[in-house]
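Numbered per the numbering used here, the sequence shown spans residues 15 to 73.
First up is the structure itself, then whatever we jot down about it.
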Amino acid sequence: MIQIFFLLLIAILLFSLVKKTLKFVLFIVLMLIILLGIKYYVVETIIGLKLMSINETLW
């Protein structure tokens, strides 16, 4: 009976650890997506502004 309880305790600890790890991984993935989105947005804005200035000089 004590062994079963011990195994359950270990299983619960492992499960909570996995859940924390998953949350951590999800957090990292979200941060990467946000950073990539910001980088992409900034690059697009800069390219857009350069194209606009080129168009203005052409006109």
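Cβ coordinates follow ideal geometry from the N, Cα and C atoms, glycine included.
Query	Result
Excluding sequence positions up to five away, which residues of its chain have a Cβ less than 7 Å from the Cβ of L23?	none
From what residue to what residue does the alpha helix (DSSP H) around M45 run?	16-72
Alpha carbon to alpha carbon, how far is V57 from L50? Give it in angstroms, no decimals.	10 Å
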